[in-house]
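Start counting the sequence shown at 1; every next residue gets the next number (full-length UniProt numbering). A virtual CB, placed ideally from N, CA and C, is assigned to each residue, including glycine.
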Amino acid sequence: MRVACIGEAMVELSLEGPAADRARLGYAGDVLNTAVYLKRAAPELQVDFVTRLGRDGFSDRMRAFIAGEGVGTGAIETDPDRRPGLYAIETDAEGERSFTYWRDSSAARAMFQTGDGPDFSALEDYDVVYLSGITLAILPKPVRSAFCAWLERRQRDDGGIAFDSNYRPALWPDQETARGAAGRMWKACTIGLPSLDDEMALFGDADEAAAVDRLARYGFTGALKRGARGPVSLGAPDPDDPAYLQMPVAPAPEDFPPARQVVDTTAAGDSFNGGYLGALLTGKSQDEALRAGHAMASRVVGAKGAIIPR
C-alpha cells in the first residue's frame, strides 16, 4: 500500500527549558510528524512525504532526515526561490508548549503550483492520501479550492483520504473560511482524525457529546482525540468487517492509561495519527488502532521535540 502525506516541513528550534538560551535543531511539521510515526508503526507500508522545499542547505538536510526515517522523498518538489519555514518551541514546567513561527514565504506554500495552474497528478497513484487543516491553510485560496475539488473527485472514485482538521486560527483569514474548508474535508474523507479541542473551537460544539454527534453524521471512520482521556471511536463500522470493531462512546479509563510522564506535548496528536493509521492500514481492528495511536502518543509526550529518537 502506498500512502502520500501532504504538508509542510519546517526547521524546528526546541528550547531546552523555560529559561533556556540554547536550542536543539530538528525538522518537523504536523503531517511530516505523522508520516514518520506512521512509517515507524508500519514499516511494510510505502509512506511518501509530499511537499515543496528549496535548494538551500536546510532543505538538503531536511530531505536527508526524511529519507533517514524511511519516508519517501521522490514526490518532494523543488523551488529555486524559496526556503523552508522555521518555528521555535518553548515548554513550561508542565510540558505544555508554545510556538513562534517564521513561515510566510516557505516553499510549501507554493505546492502544486505550475505555470498552467494547480497540478495534483503526482498524487494519482497513491492508495491513501493524508493531509491536515494546516496543509489547506498554507495554500493560496484558488489552489486550496482546486485541491478540495480534486479530493472530492478522488472520494467519488473510492480513493482513500485521511484528514485531521488541526485548526490553527493564525493561519486562516477568518474562522468562517477555516470552518468551510474543514467541513468540506469531513464530507470527503474516509478516515477522520479530529481533536476535541480543535473541533469545539472551530465549529462551536457545546460539549463533547455535540461534537461526537456532528462528526458521526459525516460517515467516515476514525477517532476523536481527547488527550490523556483517550480517543473516542467515530463512524458506524460494519460488524462483519474484522478491521472495524466499534468501541463504546465513553471508553473506560483503564482502556487508555495516561502517559507515565509528560515532558513535551508537541506532536501528541500527530503521533496518535501515525500509530492509528499504521494499525488500521495494515488490517488491524478499530480497537487495536485506537490503542496503537494512544500508546504512540503516550511515548512521544515523554520526550522533547516533535520527532523523538527511535
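Which residues DSSP lists as bridging residue i, in chain order
{"i": "Ser145", "result": "For Ser145, which the question treats as bridged, DSSP gives no partner whatsoever."}
{"i": "Phe99", "result": "Ile89"}
{"i": "Val212", "result": "Looking at the DSSP assignment, Val212 forms no beta bridge with any residue, so it has no partner."}
{"i": "Tyr130", "result": "Cys5, Ala162"}
{"i": "Glu77", "result": "Arg52"}
{"i": "Ile191", "result": "Ala162, Thr221"}
{"i": "Gln46", "result": "Arg2"}
{"i": "Arg83", "result": "Ser106"}
{"i": "Pro118", "result": "Gln113"}
{"i": "Gly305", "result": "For Gly305, which the question treats as bridged, DSSP gives no partner whatsoever."}
{"i": "Pro72", "result": "For clarity, residue 72 is Gly in the given sequence; the question names Pro instead. BP columns for Gly72 point to Asp48."}
Span of the beta strand (DSSP E) around residue i
{"i": "Glu12", "result": "10-15"}
{"i": "Leu59", "result": "This sequence places Ser at residue 59; Leu is not what is there. Run containing Ser59: none in the beta strand (DSSP E); it sits in the alpha helix (DSSP H), 57-68."}
{"i": "Ala23", "result": "23-28"}
{"i": "Ala170", "result": "Here Ala170 belongs to no beta strand (DSSP E), and DSSP marks it neither H nor E."}
{"i": "Leu139", "result": "No beta strand (DSSP E) contains Leu139, which DSSP labels as neither H nor E."}
{"i": "Val232", "result": "232-234"}
Continuous alpha helix (DSSP H) stretch holding residue i: start and end
{"i": "Ser298", "result": "286-300"}
{"i": "Ala279", "result": "268-280"}
{"i": "Gly180", "result": "175-188"}
{"i": "residue 320", "result": "Residue 320 falls outside the range modelled here, since the chain spans only 1 to 310, and no answer is possible."}
Nearest to residue i (by Cα), restricted to the options the options
{"i": "Gly29", "options": "Val50, Ala23, Glu44", "result": "Val50"}
{"i": "Ala204", "options": "Tyr167, Lys225, Thr221", "result": "It is worth fixing the name first, because residue 204 is Gly in this sequence and not Ala. Closest by alpha carbon: Tyr167."}
{"i": "Arg82", "options": "Arg109, Thr100, Ile89", "result": "Arg109"}
{"i": "Glu199", "options": "Arg179, Arg217, Arg184, Lys187", "result": "Arg179"}
{"i": "Gly222", "options": "Gln46, Gly275, Pro258", "result": "Gly275"}
{"i": "Thr135", "options": "Gln286, Ala4, Asp60, Gly230", "result": "Ala4"}
{"i": "residue 313", "options": "Gly54, Tyr87, Leu196, Leu25", "result": "Look at the range of the chain in this structure, 1 to 310, and you will see that residue 313 is not part of it."}
{"i": "Gly74", "options": "Val47, Ile89, Phe99", "result": "Val47"}
{"i": "Pro118", "options": "Asp174, Lys141, Arg291", "result": "Lys141"}
{"i": "Arg61", "options": "Pro80, Leu25, Lys39", "result": "Leu25"}
{"i": "Lys284", "options": "Val31, Ala41, Asn33, Ala23", "result": "Ala41"}
{"i": "Arg154", "options": "Pro173, Tyr101, Ser121", "result": "Ser121"}
{"i": "Thr190", "options": "Pro169, Asp116, Arg217", "result": "Arg217"}
{"i": "Gly227", "options": "Pro309, Leu290, Leu280, Pro169", "result": "Leu290"}
{"i": "Ala88", "options": "Val31, Glu44, Gly133, Arg22", "result": "Arg22"}
{"i": "Arg260", "options": "Val31, His294, Ala279", "result": "His294"}
{"i": "Leu280", "options": "Asp157, Ser59, Leu45", "result": "Leu45"}
{"i": "Val143", "options": "Gly115, Pro309, Ile307, Ala162", "result": "Gly115"}
{"i": "Val71", "options": "Val232, Pro80, Ile307, Leu32", "result": "Leu32"}
{"i": "Pro80", "options": "Ser105, Pro258, Phe99", "result": "Ser105"}
Integer Cβ distance of residue i from residue j, believed to fall under 8 Å
{"i": "Leu215", "j": "Gly192", "result": "7 Å"}
{"i": "Asp127", "j": "Gly160", "result": "6 Å"}
{"i": "Leu131", "j": "Gly7", "result": "6 Å"}
{"i": "Gly57", "j": "Met10", "result": "That belief does not hold up - the Cβ atoms of Gly57 and Met10 are roughly 15 Å apart, past 8 Å."}
{"i": "Gly235", "j": "Phe256", "result": "Not really, about 18 Å apart at Cβ, beyond 8 Å."}
{"i": "Ala182", "j": "Leu202", "result": "6 Å"}
{"i": "Met296", "j": "Tyr27", "result": "With 8 Å as the limit, Met296 and Tyr27 do not qualify as a contact, their Cβ atoms being about 19 Å apart."}
{"i": "Gly305", "j": "Glu69", "result": "About 14 Å separates the two Cβ atoms, so there is no contact after all."}
{"i": "Asp213", "j": "Pro194", "result": "Wrong, their Cβ atoms sit about 13 Å apart, outside the cutoff."}
{"i": "Thr34", "j": "Asp270", "result": "5 Å"}
{"i": "Ala137", "j": "Arg52", "result": "So it is not a contact: roughly 15 Å between Cβ atoms."}
{"i": "Ala146", "j": "Leu277", "result": "Not confirmed; about 25 Å, so no contact."}
**OP:** Could you tell me whether the segment 92-102 touches the segment 61-78, where touching means 3 or more Cβ pairs closer than 8 Å?
**Re:** Counting Cβ pairs under 8 Å, fewer than three are found: no touch.
Subject >> the segment 257-276 / the segment 293-300 touching (three or more Cβ pairs under 8 Å) >> reply: Three or more beta-carbon pairs separated by less than 8 Å link the segment 257-276 to the segment 293-300, which places the two stretches in contact.
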